[in-house]
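Undergrad: One structure follows; several queries about it will come next.
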Amino acid sequence: MDTEDNNLISIRDLKVHFPLAGSAWFGGSQSIVKAVDGVTLDIQAGETLGLVGESGCGKSTLGRAILRLTEPTSGQVLFRGQDLASLSTKAMREQRRHLQIIFQDPYASLNPRMTVGQIVSEPIETFRLARGDAKKKRVQELLEMVGLSARFLKRYPHEFSGGQRQRIGIARALAVDPDFIVADEPISALDVSIQAQIMNLLDRLRREKSLTYLFISHDLRAVQHVSDRVAVMYLGKIVELAEAKSIYAQPLMPYTKALISAVPVPDPKVEAKRRRIVLEGDVPSPINPPRGCRFHTRCPYAIEACGEVEPPLIQIKPNHFAACIRISPEQPDIEGVAPGDAPGLRASSAASIA
Amino acid sequence: MEVTRLHLGHSKKEAREHAIRMLEEVGIPDAEARIESYPHEFSGGMRQRVMIAMALSCQPELLIADEPTTALDVTIQAQILELIKRLKSKTGASVILVTHDLGVVAGMTDHIIVMYAGKVFEQAPTSELFERPGNPYTRGLLRSVPDPAAAHGTLYQIPGQPPDVARLPGGCPFAPRCERAQDICRREFPPFVQLTSEHFSLCHFADEVYTESLKAA
């Protein structure tokens, strides 16, 4: 990660663990859900970093932990060199002006008793950014920016469609002129024809306002379309990180390969020809995640060592990182690795010595 | 068990054995023990497998799968789609697959019907529909899906919102959002035009749209 200076946000070994209530009965050890378990990740200023993974992998928790909507258990979140994870609640509240979130469910994330005008002006009032006519003008500007008419000011959220409500949520996030936005499944609840509208809107706003996004989604097609780089998460860990183009063209880690091959392509000719990697079983529970590589229980390439050694995220190709002991910079293609061999083991021990 | 006792006149014991066989068929591990489990003890993918087992337990000739994978993760979706395909070829049942995912229909179906505001807008064999759409709505849908080959850039978007079906405009229901709508579209309900022996489109300009698609293909 040579562009250290350009990082807007640097996440260092972030962990979010939830103790399960009532599980310490009869003196047993308490169960802990390791939703995010040691994530290190840089988000560069001006980029859209896509974060994909299946439900329960911890991607939303990671997004929320960056903004401290969920408290991290340990680790750092550096925003312009300042560690957000260690700020006081009051100091963090000040910082939230620069860091905003758009939620998945546009039905649940807007207060039904507030008008659109009130919803969008609330953050402006909280941070005392404008008053009176200036505030009114700002709210109108914001609505127009997201493609809503200023006529809607006095209306309530239930009078809007899903796509329009998501636009209101976006206007609210933009009200404080943030630098960074976590978009947590912003299009998952929307109709196909509306998804394209919201993706285009987010992309236009990013260019106009020089925003930086963490775009969280389980929809790989959408993530690929909007992202500059993509991080793949599995059971609380980042398992692959690369530029969007290369991660889709040449996924390295077996989980990413399976994930990408599972996405149906809207082209019958492609669908008829392609080989789909169908994974066995479900995602294991994050309460007692598998030892070693967390994916080894479902991985068609797993060898014995995969159940013992936790693979580090290492650079396999330029700017392409993967966590898998069965590949290495010398042998990036797992298909070409000799059965039973784990070139990554040698590479990572060499790297830790250096 | 409920279904087969009712429809096939199974005894309790027969129904139980049949249910275990069905659960094995859809890939529930340890079916004999899991038959005692309650739905909340299963994962989403496993629950959908149980639903399929229930639906298939009386050897139906037609299976209607209404958004069977919409609530599931992609890797689990792949499992369920493979399962439906396998069972379909094994039992010879016909399947109506209801979905909003164009990727899913592309890989799973022989024929496609595109609906909008309660009407059939287009009907064609799958490859024909994807390669040579004869309706502006279908064409818009196909173009608004991100193309993995051409990442980034602005996506094609169909403007506006889906209509309130209780208060449809006169004329073509899609006219307010259609890029090629003319006066006639707002005035008169469109005809269901036959384009080939198996290809139909509900549009005043179906022939023109189809000709454009032929040229583009």
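Chains as they are written, first to last, in the numbering used here: chain A, 203 to 556; chain B, 817 to 1033. The C-beta atom is built at its ideal place from N, Cα and C for all residues, glycine as well.
Ordered along the chain, which non-local residues of its own chain (more than five positions away) have a Cβ less than 6 Å from that of I928 (chain B)?
TA: Working through the second sequence from its first residue, we reach residue 928 (chain B) at position 112. V921, T942, L945, listed in sequence order.
Undergrad: Using the C-alpha atoms, what's the distance from V279 (chain A) back to V539 (chain A)?
TA: Position 337 of the first sequence holds residue 539 (chain A). Position 77 of the first sequence holds residue 279 (chain A). When rounded, the distance between both Cα atoms is 37 Å.
Undergrad: Consult DSSP for G364 (chain A) and reduce its assignment to one of helix, strand or coil.
TA: For the purposes of this step, residue 364 (chain A) is taken as residue 162 along the first sequence, with counting starting at 1. Residue state, collapsed to three classes: helix.
Undergrad: With 8 Å as the threshold, decide whether the Cβ of D882 (chain B) is near any Cβ in chain A.
TA: Counting from one through the second sequence, the residue named residue 882 (chain B) turns up at place 66. So no, D882 (chain B) is outside the interface.
Undergrad: Could you name the residues of chain A that Q893 (chain B) contacts, counting a contact when the two beta carbons are closer than 7 Å?
TA: Indexing the second sequence from 1 puts residue 893 (chain B) at position 77. Result: A464.
Undergrad: For A293 (chain A), count neighbouring C-beta atoms within 10 Å of its own C-beta (all shown protein chains included) and say buried if the count is 16 or more, exposed if not.
TA: Here residue 293 (chain A) is taken as the residue at index 91 of the first sequence, counted from 1. Exposed: under 16 other Cβ atoms inside 10 Å.
Undergrad: Name the chain A residues whose beta carbon is nearer than 7 Å to that of G919 (chain B)?
TA: By 1-based counting over the second sequence, the position of residue 919 (chain B) is 103. Near G919 (chain B) (Cβ distances below 7 Å), the residues of chain A are V465, P466, V467, P468.
Undergrad: Could you run through the stretch 451–462 of chain A and flag, in chain order, every residue whose CB is less than 7 Å away from some CB of chain B?
TA: A460, L461
Undergrad: To which residues does DSSP link F382 (chain A) through a beta bridge?
TA: As a first step, residue 382 (chain A) is located in the first sequence; it is residue number 180 there, counting from the start. Answer is A:L301, A:T414, bridged to F382 (chain A).
Undergrad: List the residues of chain B whose Cβ lies closer than 7 Å to the Cβ of M401 (chain A), in chain order.
TA: As a first step, residue 401 (chain A) is located in the first sequence; it is residue number 199 there, counting from the start. Within 7 Å Cβ-Cβ: L971.
Undergrad: Find the nearest neighbour of S412 (chain A) within the set A:A446, A:V434, A:L376, judged by alpha-carbon distance.
TA: Start at 1 with the first residue of the first sequence, and residue 412 (chain A) comes out as number 210. Taking only the C-alpha atoms, the option nearest S412 (chain A) is A:L376.
Undergrad: Could you spell out where the beta strand (DSSP E) holding P466 (chain A) opens and where it closes?
TA: Your numbering for residue 466 (chain A) matches position 264 in the first sequence. Unbroken run through P466 (chain A): none, as it is neither H nor E.
Undergrad: What does the Cβ neighbour count give for I489 (chain A), buried or exposed, with the cut at 16 atoms within 10 Å?
TA: Position 287 of the first sequence, counting from 1, holds the residue named residue 489 (chain A). It counts as exposed.
Undergrad: Do Q973 (chain B) and S363 (chain A) have their C-beta atoms closer together than 8 Å?
TA: Residue numbering aside, residue 973 (chain B) sits at position 157 when the second sequence is read from its first letter. Residue numbering aside, residue 363 (chain A) sits at position 161 when the first sequence is read from its first letter. With respect to S363 (chain A), Q973 (chain B) sits apart: the two C-beta atoms are not nearer than 8 Å.
Undergrad: With distances taken between CB atoms, is the gap from P308 (chain A) to H360 (chain A) smaller than 8 Å?
TA: Counting from 1 along the first sequence, the entry for residue 308 (chain A) is found at position 106. Counting from 1 along the first sequence, the entry for residue 360 (chain A) is found at position 158. Against a cut-off of 8 Å, the Cβ pair of H360 (chain A) and P308 (chain A) comes out as no contact.
Undergrad: If we cut at 8 Å on Cβ distances, does Q977 (chain B) have a partner in chain A?
TA: On the second sequence, residue 977 (chain B) is found 161 positions in, with the first residue counted as 1. True, the Cβ-Cβ gap to chain A drops below 8 Å.
Undergrad: Enumerate in chain order the residues of its own chain whose CB-to-CB distance from A835 (chain B) is below 8 Å, with the five nearest sequence positions on each side excluded.
TA: Stepping through the second sequence from its first residue, residue 835 (chain B) is reached at position 19. Taken in chain order, the residues that qualify are M817, T820, I851, A869, S873.
Undergrad: P513 (chain A): which of A:I505, A:F497, A:A525, A:E506 sits nearest, CA to CA?
TA: As a first step, residue 513 (chain A) must be located in the first sequence, where it is residue number 311. Nearest of A:I505, A:F497, A:A525, A:E506 to P513 (chain A), Cα basis: A:A525.
Undergrad: Between which two residues does the beta strand (DSSP E) holding Y212 (chain A) run?
TA: As a position in the first sequence, residue 212 (chain A) is number 10, starting the count at 1. The question names Tyr, but residue 212 (chain A) is Ser in the sequence shown. Unbroken beta strand (DSSP E) run through S212 (chain A): 209–221.
Undergrad: Start and end of the beta strand (DSSP E) containing Q517 (chain A)?
TA: For the purposes of this step, residue 517 (chain A) is taken as residue 315 along the first sequence, with counting starting at 1. From DSSP, the beta strand (DSSP E) with Q517 (chain A) extends over 516–519.
Undergrad: Please go through the same chain and pick out, in chain order, the residues whose beta-carbon is closer than 7 Å to the beta-carbon of Y450 (chain A), but skip the five residues on each side of it.
TA: For the purposes of this step, residue 450 (chain A) is taken as residue 248 along the first sequence, with counting starting at 1. The residues are Q426, I462.
Undergrad: Identify, in the order they occur along the chain, each residue of the same chain with its Cβ nearer than 7 Å to the Cβ of A556 (chain A), setting aside the five sequence neighbours on each side.
TA: Numbered from 1 along the first sequence, position 354 holds the residue referred to as residue 556 (chain A). Low local confidence applies: a pLDDT of 41 at A556 (chain A) is under 50, so the model's placement there is unreliable, with the coordinate-based value given in what follows. No residues qualify anywhere along the chain.
Undergrad: Just reading off the beta strand (DSSP E) that R431 (chain A) is part of, what are its end residues?
TA: Here residue 431 (chain A) refers to the residue found at position 229 when the first sequence is read from its first residue. Here the beta strand (DSSP E) through R431 (chain A) covers 431–436.
Undergrad: Chain A partners of H1020 (chain B), CB-CB under 8 Å?
TA: Position 204 of the second sequence, counting from 1, holds the residue named residue 1020 (chain B). What H1020 (chain B) touches in chain A: nothing, since even the nearest Cβ is about 21 Å away.
Undergrad: Under a three-way DSSP split, which group does F523 (chain A) fall into?
TA: Sequence index remark: in the first sequence, residue 523 (chain A) carries index 321 (1-based). The answer is strand: DSSP assigns F523 (chain A) an E or B state.
Undergrad: Bridge partners of A881 (chain B), per DSSP?
TA: Here residue 881 (chain B) refers to the residue found at position 65 of the second sequence. Beta-bridge pairing links A881 (chain B) to B:L913.
Undergrad: Are F937 (chain B) and T954 (chain B) close, meaning C-beta to C-beta below 8 Å?
TA: Start at 1 with the first residue of the second sequence, and residue 937 (chain B) comes out as number 121. Start at 1 with the first residue of the second sequence, and residue 954 (chain B) comes out as number 138. Going by beta carbons, F937 (chain B) and T954 (chain B) fall inside the 8 Å limit.
Undergrad: Is the beta carbon of I211 (chain A) sitting closer than 8 Å to the one on F305 (chain A)?
TA: Counted from its first residue, the first sequence places residue 211 (chain A) at position 9. Counted from its first residue, the first sequence places residue 305 (chain A) at position 103. No, they are not a contact pair.
Undergrad: So, are the CB atoms of D386 (chain A) and G258 (chain A) less than 8 Å apart?
TA: Your numbering for residue 386 (chain A) matches position 184 in the first sequence. Your numbering for residue 258 (chain A) matches position 56 in the first sequence. Against a cut-off of 8 Å, the Cβ pair of G258 (chain A) and D386 (chain A) comes out as no contact.
Undergrad: Near D239 (chain A), which residues of its chain fall below 7 Å by C-beta distance, leaving aside the five closest residues on each side in sequence?
TA: The sequence position of residue 239 (chain A) within the first sequence is 37, counting from 1. Around D239 (chain A): K217, G438, K439.
Undergrad: Looking at the secondary structure, which residues open and close the alpha helix (DSSP H) in which Y953 (chain B) lies?
TA: In the second sequence, residue 953 (chain B) corresponds to position 137, counting from 1. Start and end: 952–959.
Undergrad: Measure the alpha-carbon distance for K475 (chain A) versus R423 (chain A) and round it to whole angstroms.
TA: By 1-based counting over the first sequence, the position of residue 475 (chain A) is 273. By 1-based counting over the first sequence, the position of residue 423 (chain A) is 221. Using only the alpha carbons, I get a separation of about 19 Å.
Undergrad: Report yes if the CB atom of S960 (chain B) is closer than 8 Å to the CB atom of A398 (chain A), and no otherwise.
TA: The residue you call residue 960 (chain B) lines up with position 144 of the second sequence. The residue you call residue 398 (chain A) lines up with position 196 of the first sequence. Yes; because the gap between Cβ atoms is below 8 Å, this pair is in contact.
Undergrad: From the DSSP output, read off the bridge partner residues of Q1010 (chain B).
TA: Counting from one through the second sequence, the residue named residue 1010 (chain B) turns up at place 194. Paired residue(s): B:F1016.
Undergrad: Is the Cβ-Cβ distance between V1025 (chain B) and G950 (chain B) less than 8 Å?
TA: If you number the second sequence from 1, residue 1025 (chain B) lands on position 209. If you number the second sequence from 1, residue 950 (chain B) lands on position 134. Contact flag set, yes.
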